[in-house]
Amino acid sequence: MEELHIYYVGFDRAGYGQSDPNPGRSLKSDAQDVVELADILQLGPRFYVTATSIGGSVAWTLLKHFPHRLAGVGMLGPVTNYWWSGIPTVEAWEAFRFQPIQDQVAVSVAHYAPWLAYLWNTQNVFPKSSVVAGRFDFWSMADKKIIASFQPSNERSADEPTQQGIHESLIRDMVNMFGRWDFDPGDLINNGVPVHIWHGDEDSLVPLMLQKYVQRRLSWIHLHVVPGAGHLLHVMETLSDEMARTLLSGQA
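Just so you know, we're using the numbering used here here: the sequence shown kicks off at 52 and counts up by one.
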């Protein structure tokens, strides 16, 4: 992003890559890690945050607990929690059924029996989470084309993010994402932080309807529906540029 004179800082959350596991990891601890990293790197009193997929939970938590540190937030296809307290039951059920049955079961286990989540997603008798199993047959054609274009990577690099085990990474993500939140994003107060969400209208992993719920509850949040796009928005270079320019423009 030389043209805009900016740079992105990414890091492995607790339990991913070579970051130390955190047995007490929570949504708020993930958000605190972001703030602490920003302070260590001296990014200033306010900084921009971008998040994709399940990382959206961190962005929402930053907006809840640390809005005074944010200059702007951009999210790409953020995962939503079907048990957010403000979602109308009919909409929540419709969005829940949007998932493949195996994912309906997996997120229900993460919500109602988090202690069973690791066992459920490592057994081989019943279908486990499609994400944990690495199955892409449920994904949209747009996403399948992107996946097919990826250069094959060696086994070591493919396993690097979860080298400490899926219990400390993927499973903790699932339990935190689909567990009981201490707030509903739909109840957030407008603190003057520009927030933009981009979501593909062919995303078969995260239902667009729940993004519309959030935007309906919070009119100050901008929802950008991307025609013909699936879930893997973060690999679309033009969209990454658009997000950066939109956030830097200060559009609120």
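In this text, a Cβ means the ideal position worked out from N, Cα and C, and glycines have one as well.
- The segment 268 to 283 and the segment 234 to 245 touch, with three or more beta-carbon pairs separated by less than 8 Å.
- With respect to the C-alpha of G216, the residue from D63, I138, H56 and Y67 having the closest C-alpha is Y67.
- Its chain contains G68 as the residues whose beta carbon lies nearer than 8 Å to that of E211, once the 5 sequence neighbours on both sides are disregarded; these appear in chain order.
- Across the structure, V156 and N172 are spaced so that their CA atoms are roughly 10 Å apart.
- Judged by pairs of C-beta atoms under 8 Å, the segment 121 to 135 touches the segment 229 to 240, as three or more such pairs exist.
- Contact holds between the segment 112 to 131 and the segment 79 to 90, because three or more Cβ pairs, one in each stretch, are under 8 Å apart.
- Spanning the alpha carbons of F189 and L239 requires a straight line of approximately 33 Å.
- Two segments are said to touch when three or more pairs of C-beta atoms, one from each, lie closer than 8 Å; by this definition the segment 161 to 180 does not touch the segment 283 to 292.
- Looking at the backbone, the Cα of R148 and that of M225 are separated by about 18 Å.
- Contact between F117 and V86 holds: their C-beta atoms lie close to 6 Å from each other, under 8 Å.
- For the segment 219 to 272, the full-length alpha helix (DSSP H) segments reaching 4 residues or more read 223 to 229 and 259 to 268 along the chain.
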